[in-house]
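Colleague: Listed in order, the protein sequences are those of chains A, B and C.
Note that full-length UniProt numbering has the first sequence beginning at 1, numbered continuously upward.
Note that full-length UniProt numbering has the second sequence beginning at 1, numbered continuously upward.
Note that full-length UniProt numbering has the third sequence beginning at 1, numbered continuously upward.
For glycine and all other residues, C-beta sits at the position ideal for the given N, C-alpha and C.
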Amino acid sequence: MDFNNLISGLDRHTLDGITRGSIYALVALGYTMVYGVMKLINFAHSEVFMVGTWAVLGTYTVIGATAGDGLGMVIAATVLALLAAMLASAGTALAVERIAYRPLRKKGAPPLIFLITGIGCSMVLVEIFGQVLRVFFGRPFGRVTVNIPSVLETKTVFTIPGIDLAVSNTRILIIVGAIVMMLALDAFVNKSRLGRGVRAVAQDPDTASLMGVNQERVIMLVFVLGGAMAGVAALLYTVQYDITKFDIGFIIGLKAFTAAVLGGIGNLRGALVGGLFLGLVEVYASAVWDSSWTNVYAFVVLVVVLMFRPTGLLGESLGKARA
Amino acid sequence: MIRSTKTWQAVAFTAVAGLALSACGTTDTGGGSSSADDGDCNFKIAAMGALSGANASIVIPSVDGAQLALDQWDGGDCTVSLERFDTEGDPAKATPVATQIAGDESFIGVIGGAFSGETRATKTIYQDGGIPMVSQSATATDLTQDEPVEVFHRLVPYDDYQGVAIAKYLTDEAGASKVFVIDNAEAYGEPLADRVAETLGDKMVQRDKTEVGQTDFAPTISKIESAKPDAIMYGGYIAEAAPLLKQIRDAGIEAPFIGGDGLYGADFGNAVGAAGEGAVVMCPCAPIEDDSTFADDFEEEFGGKPGAYAAEGYDAMTVFLKGLEDGARNRADMLEFVNSYTGEGLSKDIAFDENGDVPADQVSYWAYKNEGGTLTPEVEVKPGS
Amino acid sequence: MSQLTAAYRGLRIGDRWDAAPKPVRWFGLLLVVAFAYYLPYLNILPFAYIRTDLTPSGSDWASVLFLVVVYMIVAVGLNVVIGLAGLLDLGYVGFYALGAYSIALFGSKSSPVVEALQVKFGLSEEWAVPFAACIPIAIVMSLVAGVILGAPTLRLRGDYLAIVTLGFGEIIRITARNLDGVTNGAAGITQVPTPPGPEIDGRQFFNTIDAERWYWLALTILILIIWLARRLEHSRVGRAWLAIREDEDAAAVMGVAGFKFKLWAFAIGATLGGFAGLLFGSKQQYVEPNAFMVQLSFLFVAMVVIGGSGNIAGVLLGAFLLTYLPERFREFVEWRPFAFGVALVAVMILRPQGLVPSRRRAREFEDRRHEAEEAAADV
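Following this line, the structure appears as structure tokens:
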């Protein structure tokens, strides 16, 4: 136990926690939006994120971006990779909805069944990158860790005076990127016409459809939006950690789902709060003890929070996200 | 439902008739070719390990290596086949496999288990079946040091030696006096790191634990930053070493990085990228001599550079094939042969001590440095001396 | 395919079975049980093609059967939680792990707990808690864990329960992995005891080679458990679960204390899971934390749902298929997980009610489908 480490490096740990939490939060959005509208845990969402990281690798490979490129190339590669990841993840999310969820919805199946098809889809997606594509295309696919070149090289941009905390360009990108995306999504859901449809279905699907809201379109929309956010998370993740692997989605997905519940599932701002909170808790606790207990910290905090606030920190409901 | 009685009579009749008819044919299951007579040389050798799942990339090259040895063998009147048994590295899936192999007398040897966990779970089964095992990569110390079984042999020295070798490299070669030791909290990384820490004594500044599947190592990085070590040791696997290294270098920490044989393999360079330049990997595998055609043959056959333990897999197969050449025609003879085997192998000179281990005076490690994505041998380290 | 299923429905096997005279039903049941005991020796064409050891790299048939039966016990236990009480438990592997660990911790000579006891009470180095005494320990440990987990969390709504139980499973695994001084950490515990029995040919009765004995033991226990579970399902408790599952609020109004009965379901499910774990650990003679990953929990839930949650015959079939098929088709080594995922999706879409749903569930399901269709028609 080393509380000194936590106290003396509090600024540093806070920055680390926010970085980690930002990625959780972005992935958590996908869980929370789908849940808000369909009352469904989309278990394949972790793999939607994983597909995004491969899209980043694919983009870099196609345009030949690598470490040490000039500024123009770095910006172009990052923007292209971002778009590719968002597109790939949104497409995957939509495909999952079409293949695994829509037929069940038509049959009025109970939620448990969706869970199993979600798990099934998740296995299929994992295996596509771990096995199927390897058989057809060889490396880099397969069950090994793959390096993604650090196109955006980490550099210290500025040092916060007084506390002497170095902030790097990748961290700024991650934190600012995550927050901007969240605000944009929040504004979209709360301000736009389509967003109003989303909120209406979340509040009361029957009434919404009576009012002329096309429920199927709203469902497609939340999968696409959630997927695109996972795509953003995928780009930020690769910038920070430089790797991808066929099974990296699982743990991120687990944590993001925990974050969504922690913040109040179905609540967009809850995803942000839950993600950051979870990231901070994990990093703080790992600083005091060590990282081998990370999941225990996460789940203990979850249980404690749910005992006092049974619907999460901010409470649930996408519809009531902003009354 | 008045007809019901009649229906059931019909069902009963059909069932009886069906049973009577089907009793005519039987399949040949299990122990088919049973124990062979002298002179009849028709055997199978089993390779048991994770051939699918997340860890398959550590195991498949060694089984391919074994296949290569078999392909290159001129068996004379012997027909030998290599059967691959997938366990996914999971002890629960390994036991049915082991029971099957132990029960089928046409198997005369086992290459594996590839991992320590499955080996721990199955070595008593093989012991009961009296079938000799030669493991290419299971390095847990307890496999031979606690409750040893006669049938188990391995081509790699156990982790206690490796821990000493790494510590020795750190102090003697890297000149480190403040080492930061990290492990992955798993059965492989933790004891290895323990041993390194023990040998280093007060030359270790701090210890931290991480876990498998982790990608964000920020808490560890901040601990490293404040400890200011002059070397970093990691006991774990490639999947976590890659992001760990990247984050260490991103934080501007330039201390040398060294890992155990869990990082060894052709995949290491692909996974760590530029951040892994200059990282050192300790491995009990001696560099393959230049005049050997092994690497080329392997690449031609399996379309890739020989990965982790490919040479050990080749050697394990060779031991069994030599046994057949020597006239071993049953498990007991083969076991006796393996117990007293000595010979020159691809990876090193091969012999087994009474526990089935590499004899202490032959234990040797090599430090490999990652240069431009390939692991190149740097220096030999003998932990024994 | 649809013709086949239609033909199958035309036979109305279920109705005929119910209408059959009692002796016929008893005889039928007896045949099934006898056949189950005979399975390890099944060697008659064409039935023998179900064996898993036909290909050169197959696995031992009796060992596979044993694992199938252990997972069947798990499925029956989890069915109490999911199928009867309608609680989504994604951390069932935690109880399974607890069962396995309790026999390992107390029964193995090399476990740190036993070693500590030896030192404390001055016992010999060969001493360990006998196998028979480990059974109550395992039951109590998993029961207590079920109550400890259930008491604070069962008040949560369905989906929250799912993530909390999932977390519980992870906490058990990580604790077992990290508490080196108690559980021997990631290296696991060897020398887990086996049930006592006469020595045959110089070997223990329950040894590592003769797996069919293990299978028969597990099968006997499974049959007992099925009998108990059926009694439970049709008891007052079973009806209370049904009421809670259908409509918790209505049940509460009628005086069914939701929380109490949910806790019962949790505790009973936990005990069965623990028992299955105990059998597994004992056969394996080795227990290590990585045998209890979250993914195993998902597999357990899939067994129950694929088979038809709420129906014991269904979940038995689910457990059988999901354990047996990957072993039977070992020759497709690396393709199995992919095929598994595709099958999960395909089966659930074609038969969302499960392969063998309970009648009540099937009817509930029909209602929901009509509702869905009507709702769709309204738009």
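Could you work out which residue in A/Ile219, A/Gly279 and A/Val273 is closest to A/Ala95 when comparing CA atoms only?
Modeller: Considering only alpha carbons, the answer is A/Ile219.
Colleague: Output needed for A/Thr19: all residues of its chain with C-beta closer than 8 Å, excluding positions within five of it in sequence on either side, in chain order.
Modeller: Closer than 8 Å at the Cβ level, and outside the excluded window around A/Thr19, lie Arg171, Ile174, Ile175, Gln240 and Gly279.
Colleague: Examine the ligand FAD and report whether any of its heavy atoms sits within less than 7 Å of the Cβ of B/Val280.
Modeller: The ligand FAD is absent from the structure shown, which contains no ligand whatsoever.
Colleague: Could you tell me if C/Lys260 is buried or exposed, where buried requires 16 or more neighbouring beta carbons within 10 angstroms of its beta carbon?
Modeller: Result: exposed.
Colleague: At the 8 Å Cβ level, is B/Val272 part of the contact set with chain A, yes or no?
Modeller: Chain A contact via Cβ: present.
Colleague: Would you be able to state if there are at least three C-beta pairs under 8 Å between the stretch 245-252 of chain A and the stretch 173-186 of chain B?
Modeller: With the cut-off at 8 Å, the stretch 173-186 of chain B and the stretch 245-252 of chain A do not touch.
Colleague: Taking B/Asp261 as the reference, which of B/Ala332, B/Glu147, B/Ser226 and B/Gly236 has the closest Cα?
Modeller: The option with the nearest alpha carbon to B/Asp261 is B/Gly236.
Colleague: Whose C-beta lies closer than 6 Å to the C-beta of B/Val272 among residues of the same chain, with five residues either side of it excluded?
Modeller: Excluding sequence neighbours, B/Val272 sits near Ala242 and Leu245.
Colleague: Quick one: does A/Ile179 have its CB under 8 Å from some CB of chain B?
Modeller: False, the Cβ-Cβ gap to chain B never drops below 8 Å.
Colleague: Using DSSP bridges, identify the partner residues of residue 401 of chain B.
Modeller: Only positions 1 to 385 of chain B appear in this structure, which leaves residue 401 of chain B out of reach.
Colleague: Pick out the complete beta strand (DSSP E) segments inside the stretch 137-179 of chain A, 3 residues or longer, and give them in chain order.
Modeller: Whole beta strand (DSSP E) segments, 3+ residues: 156-160 and 165-168.
Colleague: Out of curiosity, what's the CA-to-CA distance linking B/Gln362 and B/Ile350?
Modeller: So the two alpha carbons sit approximately 9 Å from each other.
Colleague: Hey, could you find the ends of the alpha helix (DSSP H) A/Gly253 is sitting in?
Modeller: Segment Gly249 to Gly263, the alpha helix (DSSP H) holding A/Gly253.
Colleague: Using a beta-carbon distance cut-off of less than 7 Å, what residues from the stretch 43-76 of chain B approach chain E?
Modeller: Looking at the structure shown, chain E is missing, and the protein chains on hand are A, B and C.
Colleague: State the DSSP-derived secondary structure class of C/Leu45, mapped to helix, strand or coil.
Modeller: Coil at C/Leu45, not helix or strand.
Colleague: Taking B/Tyr368 as the reference, which of B/Ile125, B/Gly189 and B/Ala165 has the closest Cα?
Modeller: Comparing Cα-Cα distances from B/Tyr368 to each of B/Ile125, B/Gly189 and B/Ala165, the minimum goes to B/Ala165.
Colleague: Beta-carbon of B/Ala36 versus every beta-carbon of chain C: anything under 8 Å?
Modeller: Low per-residue confidence applies at B/Ala36: pLDDT is 43, beneath 50, and the placement is therefore not dependable, though the value from the model is reported in the following sentence. With 8 Å as the cut-off, B/Ala36 does not count as an interface residue toward chain C.
Colleague: Output needed for A/Leu306: all residues of its chain with C-beta closer than 6 Å, excluding positions within five of it in sequence on either side, in chain order.
Modeller: None.
Colleague: A/Gly138: buried (16+ other C-beta within 10 angstroms of its C-beta) or exposed?
Modeller: Answer is exposed; the Cβ neighbour count stays below 16.
Colleague: For B/Ile248, which of B/Gly372, B/Arg329, B/Ile131 and B/Thr215 has the nearest alpha-carbon?
Modeller: Answer by Cα proximity: B/Thr215.
Colleague: Could you tell me whether the stretch 123-134 of chain B touches the stretch 313-332 of chain B, using the rule of 3 or more Cβ pairs below 8 Å?
Modeller: Segments in contact, yes.
Colleague: Taking Cβ positions, are C/Gly274 and C/Ser142 nearer each other than 8 Å?
Modeller: In contact: C/Gly274 and C/Ser142 (Cβ atoms closer than 8 Å).
Colleague: Along chain C, which residues have their Cβ under 7 Å away from the Cβ of A/Val132?
Modeller: Neighbours of A/Val132 on chain C, chain order: Phe338.
Colleague: For the stretch 290-318 of chain B, which residues have a CB atom closer than 7 Å to at least one CB atom of chain A, in sequence order?
Modeller: Those would be none; no residue qualifies.
Colleague: Since C/Val64 and C/Glu334 are thought to touch, with beta carbons under 8 Å apart, how far apart are those beta carbons, to the nearest angstrom?
Modeller: That pair is no contact at about 20 Å.
Colleague: Along the chain, where does the beta strand (DSSP E) containing B/Thr374 start, and where does it finish?
Modeller: It spans Thr374 to Val381 - the beta strand (DSSP E) in which B/Thr374 sits, taken as one unbroken run.
Colleague: Identify each residue in the stretch 152-174 of chain C for which the Cβ-Cβ distance to at least one residue of chain A is less than 9 Å, and report them in chain order.
Modeller: Taking 9 Å as the Cβ-Cβ cut-off against chain A, the residues of the stretch 152-174 of chain C that qualify are Pro152, Thr153, Arg155, Leu156, Arg157, Gly158, Asp159, Tyr160, Ala162, Ile163, Val164, Leu166, Gly167, Phe168, Glu170, Ile171, Arg173 and Ile174.
Colleague: Taking 8 Å as the limit between beta carbons, can you name the residues of its chain near B/Ala295, skipping five residues before and five after?
Modeller: Excluding sequence neighbours, B/Ala295 sits near Ile288, Lys305 and Pro306.
Colleague: Residues in the same chain with beta-carbon distance under 7 Å from B/Gly53, minus the five sequence neighbours each way, listed in chain order, please.
Modeller: Cβ neighbours of B/Gly53 beyond the five flanking positions: Glu88 and Gly89.
Colleague: Could you say if the stretch 189-200 of chain B and the stretch 165-179 of chain B meet the contact criterion of at least three C-beta pairs nearer than 8 Å?
Modeller: The stretch 189-200 of chain B vs the stretch 165-179 of chain B: in contact.
Colleague: Classify C/Met293 as helix, strand or coil using the three-state DSSP reduction.
Modeller: If DSSP states are grouped into helix, strand and coil, C/Met293 belongs with coil.
Colleague: Mind checking which residues open and close the beta strand (DSSP E) that includes A/Phe246?
Modeller: That residue, A/Phe246, is in no beta strand (DSSP E); it is neither H nor E in DSSP.
Colleague: Quick check on the burial criterion: 16 or more other C-beta atoms within 10 angstroms. Buried or exposed for C/Gly124?
Modeller: In the sequence as presented, Gly is not what sits at residue 124 of chain C; that position holds Ser. That one is exposed.
Colleague: What first and last residue would you give for the alpha helix (DSSP H) that runs through A/Cys121?
Modeller: Counting along the chain, the alpha helix (DSSP H) containing A/Cys121 begins and ends at Pro111 to Glu127.
Colleague: DSSP state of B/His153, grouped into three classes?
Modeller: Strand, per DSSP.
Colleague: Considering only the beta carbon of each residue, do A/Leu272 and A/Ala81 sit closer than 8 Å?
Modeller: Going by C-beta atoms, A/Leu272 is not nearer than 8 Å to A/Ala81.
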